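Okay, structure first, notes after.
2 protein chains.
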Amino acid sequence: MGAPSRRERLRSATVAEIKDGARRLLVTGGVDAVSLRAIARDMGMTAPAIYRYFPSLEALVAALAGDLYDELRLLLEAARDEAGAEPVDQLLTMSRAFRAWSVAHPAEFGLIFGAPSPGRNAFVDGCVDPDHPGARFGAVFIRPILDLWRRSPFRTPPPELLRQRLGGRRLEPLRLSHGEVPVEVAYAFLSGWTRLYGLVAMEVFHQFDWAVTEAEALFELELEMFTAQLLADPPTRDDAPPTGDGPFPASVTGDSPPPATGDGPPPAFGAAKG
Amino acid sequence: MGAPSRRERLRSATVAEIKDGARRLLVTGGVDAVSLRAIARDMGMTAPAIYRYFPSLEALVAALAGDLYDELRLLLEAARDEAGAEPVDQLLTMSRAFRAWSVAHPAEFGLIFGAPSPGRNAFVDGCVDPDHPGARFGAVFIRPILDLWRRSPFRTPPPELLRQRLGGRRLEPLRLSHGEVPVEVAYAFLSGWTRLYGLVAMEVFHQFDWAVTEAEALFELELEMFTAQLLADPPTRDDAPPTGDGPFPASVTGDSPPPATGDGPPPAFGAAKG
DNA sequence: TCATTTGAGTGAACGCCGTTAACTATCGCA
DNA sequence: TGCGATAGTTAACGGCGTTCACTCAAATGA
Numbered sequence: 086m087g088a089p090s091r092r093e094r095l096r097s098a099t100v101a102e103i104k105d106g107a108r109r110l111l112v113t114g115g116v117d118a119v120s121l122r123a124i125a126r127d128m129g130m131t132a133p134a135i136y137r138y139f140p141s142l143e144a145l146v147a148a149l150a151g152d153l154y155d156e157l158r159l160l161l162e163a164a165r166d167e168a169g170a171e172p173v174d175q176l177l178t179m180s181r182a183f184r185a186w187s188v189a190h191p192a193e194f195g196l197i198f199g200a201p202s203p204g205r206n207a208f209v210d211g212c213v214d215p216d217h218p219g220a221r222f223g224a225v226f227i228r229p230i231l232d233l234w235r236r237s238p239f240r241t242p243p244p245e246l247l248r249q250r251l252g253g254r255r256l257e258p259l260r261l262s263h264g265e266v267p268v269e270v271a272y273a274f275l276s277g278w279t280r281l282y283g284l285v286a287m288e289v290f291h292q293f294d295w296a297v298t299e300a301e302a303l304f305e306l307e308l309e310m311f312t313a314q315l316l317a318d319p320p321t322r323d324d325a326p327p328t329g330d331g332p333f334p335a336s337v338t339g340d341s342p343p344p345a346t347g348d349g350p351p352p353a354f355g356a357a358k359g
Numbered sequence: 086m087g088a089p090s091r092r093e094r095l096r097s098a099t100v101a102e103i104k105d106g107a108r109r110l111l112v113t114g115g116v117d118a119v120s121l122r123a124i125a126r127d128m129g130m131t132a133p134a135i136y137r138y139f140p141s142l143e144a145l146v147a148a149l150a151g152d153l154y155d156e157l158r159l160l161l162e163a164a165r166d167e168a169g170a171e172p173v174d175q176l177l178t179m180s181r182a183f184r185a186w187s188v189a190h191p192a193e194f195g196l197i198f199g200a201p202s203p204g205r206n207a208f209v210d211g212c213v214d215p216d217h218p219g220a221r222f223g224a225v226f227i228r229p230i231l232d233l234w235r236r237s238p239f240r241t242p243p244p245e246l247l248r249q250r251l252g253g254r255r256l257e258p259l260r261l262s263h264g265e266v267p268v269e270v271a272y273a274f275l276s277g278w279t280r281l282y283g284l285v286a287m288e289v290f291h292q293f294d295w296a297v298t299e300a301e302a303l304f305e306l307e308l309e310m311f312t313a314q315l316l317a318d319p320p321t322r323d324d325a326p327p328t329g330d331g332p333f334p335a336s337v338t339g340d341s342p343p344p345a346t347g348d349g350p351p352p353a354f355g356a357a358k359g
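Top to bottom, those sequences are chains B and R.
In my numbering, each residue's number is its place in the first sequence (first place is 1) plus 85.
In my numbering, each residue's number is its place in the second sequence (first place is 1) plus 85.
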């Protein structure tokens, strides 16, 4: 564990330079533009030299994908840490940071969240490993939901239904990578993450173009709906929830002024409740 | 408009053969395996001959993507027509058909719903055209939702919020491709289609592997939740909805026996209400 | 019927690409 | 000082999209 030798320093610097070149090509020309020859050309090298550092182009792309997962996870963790102690605020901030990164980095998003191309299969195959960057990223949203659940359980589908649909060993991979979690929390995470992913992927992949001009407005609307659901008290406590009778609390039912003018994100939702 | 000449028949047959070869390569080896040389080789031709039929490989892939959109749309329309007159049953059947096709055809799904690669940019650019296969496909879910809304308005976010978030010209592309639609219907479609897309894309793209083993169980659970929301009467009619106080009607709150054993799809949801 | 035009297809070539093999020079260490 | 590991080179193979010049058969028109 001593200081890395000179050789090791040079080697890791070259690895970083290769990855930087790969990412630059990814950004400018899409994943198809990432080629060993172009990377080597930009570095003033020849292509076969890269084989001293990566066994194939596919392995290089997989390593780049792992780095991108880590970069995005660190970004979201930093956003969470800056959002204060309120779990709902943390979720809102992380969701917005996720969308912002994805929109600003469509090529990177496509690489790690798009279709597994032959250049990505080796990466996907390792995803069952809990230490895998993909699994570590996926679990980053769970903690705020768990905190929220422990403080004040939110409205979920009935536990019997959840256990019926998600029981047995169906959540075993999640347990392996994140430990035991209440099935309600697991469902809230899976449902919320799926909606978040769907919204952002459809925007980045231009699946909204034929229908919607400003995907951000729809994104903010869905954020409000999901957090409203997370803030609604569960029906088990009482037959008449305190803040209305539906899934939409008073703050979004129009009884009070709308929380924002429509331009830009509205104020944090958790703060608007108290 | 008379009978196509012999030349035209031969030409369209060759076009079809080229597309068939392209799709075969797509299925067996992914989108990267689709190459003019391989297609021509399988046809007993040489690669430059294909340029008599398509101006580039990218154009060929774009044409294939258009065909896939149409194939999937026809499949969903057929599923809808076989699902009876109940709009909720139609939505359930179409959603299951969409997932089944996507899981059975991951490469095709990746091509039309995945990241826009250089081979797909030309296709995406044309998506604002209402006659574009992508737009025609996207609109296929709107009709059942519109039928349902006209018969019995469902629970939506408050219209003021919807108009604030989706008003102005933000839904202009959707209007161009499908005509005028109530903003509540547009929201229900966008929200529901996004959730459906997110669920299926995450399953097909192996984004669930680190957390869940049976993505179908989660899919069915989310189907139940979404249709429960669609079947809940809107809060504007009365302060106390007839079938409970939350977003989950009695049929999924566990008061009645669960609708299915957990293996395979549950019975149609709309039928279970009456 | 025959000349002409159109269209389909071929072969060679250019410049990319990933990958392998054989070889060389340099660096670090005993 | 010498030796082994390491990082790099050049050359080559096969595959790719694409272009160009060319051939040949089929449709067309006088």
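All C-beta atoms, glycine included, are put in the ideal place defined by N, C-alpha and C.
In this text the structure is predicted, and so the values were computed from the model without any measurement.
Could one say the Cβ of V116(B) lies closer than 8 Å to chain R's Cβ atoms, at least one of them? Residue numbering aside, residue 116(B) sits at position 31 when the first sequence is read from its first letter. The beta carbon of V116(B) sits closer than 8 Å to some beta carbon of chain R.
Exposure of E288(R), with buried meaning 16 or more beta-carbon neighbours within 10 Å: Here the question's residue 288(R) lines up with position 203 in the second sequence. Burial call: buried.
Taking C-beta to C-beta, are G199(B) and G106(R) nearer than 8 Å? Counted from its first residue, the first sequence places residue 199(B) at position 114. Counted from its first residue, the second sequence places residue 106(R) at position 21. Going by C-beta atoms, G199(B) is not nearer than 8 Å to G106(R).
How would you write the range of the alpha helix (DSSP H) that I227(R) sits in, first residue to last? Walking along the second sequence from the start, residue 227(R) turns up at place 142. 227-236 is the span of the alpha helix (DSSP H), which, as asked, contains I227(R).
Return the chain-ordered list of same chain residues with a C-beta closer than 8 Å to the C-beta of S202(B), the five sequence neighbours on each side being excluded. The residue given as residue 202(B) occupies position 117 in the first sequence. Answer for S202(B): V116, listed in chain order.
Nearest-angstrom Cα separation, counted from P191(R) out to G223(B): By one-based count along the first sequence, residue 223(B) stands at place 138. By one-based count along the second sequence, residue 191(R) stands at place 106. C-alpha separation (whole angstroms): 22 Å.
Same chain, Cβ closer than 6 Å to V285(R), five either side skipped, listed in chain order: Your numbering for residue 285(R) matches position 200 in the second sequence. Annotation for V285(R): R184, S187 place their beta carbon closer than 6 Å to its own, counting only its chain and skipping 5 residues before and after.
Cutoff 8 Å: G199(B) Cβ touching any chain R Cβ: Residue mapping note: residue 199(B) aligns to position 114 of the first sequence, counting from 1. Chain R contact via Cβ: present.
Going by beta carbon distance, what residues of the same chain come within less than 7 Å of A132(R), once the five residues before and after it are set aside? One-based indexing of the second sequence puts residue 132(R) at position 47. L121, R122, A125, listed in sequence order.
Would T298(B) count as contacting chain R if we go by Cβ distances under 8 Å? Here residue 298(B) refers to the residue found at position 213 of the first sequence. Taking 8 Å as the threshold, the shortest C-beta distance from T298(B) to chain R falls below it.
With 7 Å as the limit, tell me which residues of the segment 242-264 of chain B have their beta carbon closer than that to any beta carbon of chain R; keep them in chain order. For the segment 242-264 of chain B, which is checked against every Cβ of chain R, the residues closer than 7 Å are P242, P243, E245, L246, Q249, R250, L251, R254, R255, L256, E257, P258, L259, S262.
Does the separation of the CB atoms of L306(B) and L303(R) fall below 8 Å? Here residue 306(B) corresponds to residue number 221 of the first sequence, with the count starting at 1. Here residue 303(R) corresponds to residue number 218 of the second sequence, with the count starting at 1. In this structure, the beta-carbon distance from L306(B) to L303(R) does not fall below 8 Å.
Quick one: complete beta strand (DSSP E) runs, 3+ long, within the segment 119-198 of chain B? Correct list: empty.
In whole angstroms, what is the alpha-carbon distance linking D104(B) and S180(B)? What you label residue 104(B) is simply residue 19 of the first sequence in a count that begins at 1. What you label residue 180(B) is simply residue 95 of the first sequence in a count that begins at 1. Inspection of the sequence shows that residue 104(B) is occupied by Lys rather than by Asp. S180(B) has its alpha-carbon roughly 27 Å from the corresponding atom of K104(B).
Could you work out which residues of chain R lie near R280(B), taking near to mean beta carbons separated by less than 8 Å? As a position in the first sequence, residue 280(B) is number 195, starting the count at 1. For R280(B), the chain R residues whose Cβ falls inside 8 Å of its Cβ are T279, R280, G283, in order along the chain.
Less than 7 Å between C-beta atoms, sequence neighbours within five positions excluded: which residues of the same chain meet that for F293(B)? For the purposes of this step, residue 293(B) is taken as the residue at position 208 of the first sequence. Excluding sequence positions up to five before and after F293(B), its CB lies within less than 7 Å of the CB of M287, A300, all in the same chain and listed in chain order.
For Q292(B), which three-state DSSP category applies? If you number the first sequence from 1, residue 292(B) lands on position 207. Three-state result, Q292(B): coil.
Where does T113(B) land, buried or exposed, given buried means 16+ other C-beta within 10 angstroms? Mapped onto the first sequence, residue 113(B) falls at position 28. With fewer than 16 other Cβ atoms within 10 Å, it is exposed.
Check the Cβ of H217(B) against every Cβ in chain R and list those closer than 8 Å, keeping chain order. What you label residue 217(B) is simply residue 132 of the first sequence in a count that begins at 1. Per Cβ cutoff of 8 Å: W295.
What is the residue span of the alpha helix (DSSP H) that G223(R) lies within? The residue given as residue 223(R) occupies position 138 in the second sequence. G223(R) -> alpha helix (DSSP H) spans 218-223.
Have a look at V100(B) and V225(B) and give me their C-alpha separation to the nearest angstrom. Here residue 100(B) is taken as the residue at index 15 of the first sequence, counted from 1. Here residue 225(B) is taken as the residue at index 140 of the first sequence, counted from 1. Straight-line Cα distance between these residues: approximately 27 Å.
Which of the three DSSP states is assigned to A200(R) in this structure? Position 115 of the second sequence, counted from the first residue, corresponds to residue 200(R). Coil.
Straight-line gap, R137(B) to S97(B) (C-alpha atoms, nearest Å): Taking the first sequence and counting its residues from 1, one reaches residue 137(B) at position 52. Taking the first sequence and counting its residues from 1, one reaches residue 97(B) at position 12. Their Cα atoms are separated by approximately 12 Å.
Output needed in chain order: residues of the segment 128-152 of chain R with a Cβ under 8 Å from some Cβ in chain B. Using a CB distance below 8 Å, no part of the segment 128-152 of chain R faces chain B.
Could you check if E193(R) is buried or exposed, using at least 16 other CB atoms within 10 Å of its CB as the buried criterion? For the purposes of this step, residue 193(R) is taken as the residue at position 108 of the second sequence. Buried, by the Cβ-count rule.
Pop quiz: L256(B) and A271(B) are said to be a contact at Cβ under 8 Å. What is the actual Cβ separation, rounded to whole angstroms? Locating residue 256(B) in the first sequence gives position 171, where the first residue counts as 1. Locating residue 271(B) in the first sequence gives position 186, where the first residue counts as 1. Their Cβ separation, rounded to whole angstroms, is 6 Å, which keeps L256(B) and A271(B) in contact under 8 Å.
Any chain R beta carbon closer than 8 Å to R158(B): Counting from 1 along the first sequence, the entry for residue 158(B) is found at position 73. It does not; no Cβ of chain R falls within 8 Å.
Between D216(B) and the rest of its own chain, which residues show a CB-CB distance below 7 Å, the 5 nearest in sequence each way excluded? Numbered from 1 along the first sequence, position 131 holds the residue referred to as residue 216(B). So no residue of the chain qualifies.
If distances are taken between C-alpha atoms only, which option among A147(B), V268(B), L308(B) comes closest to A296(R)? Locating residue 296(R) in the second sequence gives position 211, where the first residue counts as 1. Closest in C-alpha terms to A296(R), from the list A147(B), V268(B), L308(B), comes V268(B).
Using a Cβ cut-off of 8 Å (strictly closer), state whether I103(B) contacts chain R. By 1-based counting over the first sequence, the position of residue 103(B) is 18. Not an interface residue.
If you run the structure through DSSP and keep just helix, strand and coil, what is V285(R)? As a working mapping, residue 285(R) is identified with position 200 in the second sequence. Note: V285(R) maps to helix in three-state DSSP.
A317(B) (DSSP reduced to helix, strand or coil): As a first step, residue 317(B) is located in the first sequence; it is residue number 232 there, counting from the start. Reduced to three states, the DSSP call for A317(B) is coil.
Look at the Cβ atom of R280(B), then the Cβ atom of R280(R), and state whether they are nearer than 8 Å. The residue labelled residue 280(B) in the question sits at position 195 within the first sequence. The residue labelled residue 280(R) in the question sits at position 195 within the second sequence. Cβ distance < 8 Å, so R280(B) and R280(R) count as in contact.
Which residue marks the beginning of the alpha helix (DSSP H) containing E257(R), and which one marks its end? Position 172 of the second sequence holds residue 257(R). Run containing E257(R): 257-263, per the alpha helix (DSSP H) assignment.
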